[in-house]
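Okay, so here's the structure we're looking at.
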Amino acid sequence: MARYIGIDLGTSSVLIYIKGKGIVLDEPSVVAVNDETGELIEIGKEAVLMLGKTPPGISVIKPMSEGVISKYEVTLTMLQHFLKKAISVSQIFKPIVAVCVPSGITDVEERAVRDAATQLGARYTYLVEEPLAAAIGAGLDIMEPEAKLVIDIGGGTTDIAVISYGQIAFSESVRVGGDKFDEAIARYVRRKYNLLIGERTAEKVKQEIGTVWQREETVNIEVKGRNLLDGLPKAVKLTSSEMVGALEEPVTAIIEAVCAVIEKIPPEMLKDITKNGIVMTGGGSMLYGLDHLTANVTGIKTRVAENAISCVAIGTGKALERYLKDPEKAVSFSKVKKYYEYD
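Per my numbering, the sequence shown runs over residues 0 to 342.
Below is the structure:
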């Protein structure tokens, strides 16, 4: 009678999947903290509203950094808050939890995730590598012999993996994602216009006009910030054409990682991937033209999965369900199961 829960513990957001219900929570991985006492003032959506507006003594932070836990106690409190929102407080039975992790995670980072889940009251904790979860959530049959290439672009990391027979054959993980896109836009505006803009403004620019492939029609947006020359308010108009250059550095890092994985693939696997195409998941994959750019550079057709943002959370939950139903015919958790099981 224990609940089966899949958690996408991301740098930008936390998504929780429950068997039979689907995605029950989608909240930003952001908290507002009292610097003196360490008390969490706001968590999730309410904390995001405080970005750039807090008085001295209060900081708005992301306790997850580049896909892993950077502030353990804050992350634990944040997760406890989210689970209370997602699961009835009257739940008696300890849940069985699967948490997705980047494919390049270290042993220390793995242990931090496992410890956090245990502290939350999980009966058993399983870790699922993000590319596997993303592929399952995108509706791919990862157990068949034909190789699949998945690119999952989250807030802090990008995972590229070739999957065959339910296993990752080749992979690459780079700590570049949606947050780096925001930083690149803020740097560009500062360098070109001497204008300092906030984190939320940079994200809004990315979402509305962010582009890595020239659009048929140029779109623009007015942004306001502080003039670095005189300290006064200033507004400038940015165009989508400018974004191609502004985002070049982080996007190039992702494309180079994709090419590095493709170079390792044996000819027979590459034949399968050329036939099936590349599938992109994660919020970062929704950046305009990123699929076209990837296809142009690699020569392999590329598409963005439906419900790209929630693919990892859905896949994590479904991977757990399949494994518990039939361990012999599902995704293997052997990498972590032997020292991450708790009664």
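Idealized CB from N, CA, C, for every residue including glycine.
The beta carbon of residue 282 lies closer than 6 Å to those of 177 and 308 in the same chain, with the five residues before and after it left out. Taking C-beta atoms as the reference points, residue 33 and residue 40 count as a pair closer than 8 Å. Runs of the beta strand (DSSP E) spanning 3 or more residues and lying entirely within the region 104–164 occur at 123–128, 147–152 and 157–163, in chain order. Between residue 169 and residue 96, the CB-CB gap reaches or exceeds 8 Å. Residue 280 is a Cβ neighbour of residue 311, given a cutoff of 8 Å. Beta-bridge analysis with DSSP links residue 7 to 14. For the set 135, 180 and 85, the Cα lying nearest the Cα of residue 94 is the one of 85. At the C-beta level, residue 13 and residue 137 stay beyond 8 Å of one another. Beta-carbon to beta-carbon, residue 212 and residue 287 are separated by about 7 Å, close enough to satisfy the 8 Å threshold. Cβ neighbours of residue 49 within its own chain (closer than 7 Å, five residues either side excluded): 31, 41 and 59. About 7 Å separates the beta carbons of residue 227 and residue 194, which is inside the 8 Å limit, making them a contact pair. Three or more Cβ pairs closer than 8 Å define a contact, and the region 106–116 falls short of that threshold against the region 132–146. Cβ contact annotation for residue 254 (same chain, cutoff 6 Å, sequence separation greater than five): 296, in chain order.
The alpha-carbon of residue 184 is positioned some 44 Å away from that of residue 323.
A distance of 8 Å or more separates the beta carbons of residue 69 and residue 77. Around the beta carbon of residue 120, fewer than 16 other beta carbons lie within 10 angstroms, which makes this residue exposed. Sequence-distant Cβ neighbours of residue 325 in its own chain, meaning closer than 6 Å and more than five residues away, do not exist here. For the pair residue 167 and residue 157, the CB atoms are not nearer than the 8 Å cut-off. Shown here, residue 55 sits in coil according to DSSP, grouped into three states, outside any helix or strand.
It is roughly 28 Å from the alpha-carbon of residue 313 to the alpha-carbon of residue 208.
Of 219, 144 and 155, the smallest CA-CA separation from residue 65 is found for 155.
For residue 99 against residue 129, the beta-carbon gap comes to about 5 Å, under 8 Å, which counts as contact. Assigned with DSSP and collapsed to three states, residue 236 falls in strand.
When 192, 201 and 271 are compared, the shortest CA-CA separation from residue 235 is found for 192. In the same chain as residue 38, and ignoring 5 residues on each side of it, the C-beta atoms closer than 8 Å to its own belong to 32, in chain order. In this structure, residue 316 places its C-beta atom within 8 Å of the C-beta atom of residue 18.
Looking at the backbone, the Cα of residue 201 and that of residue 181 are separated by about 5 Å.
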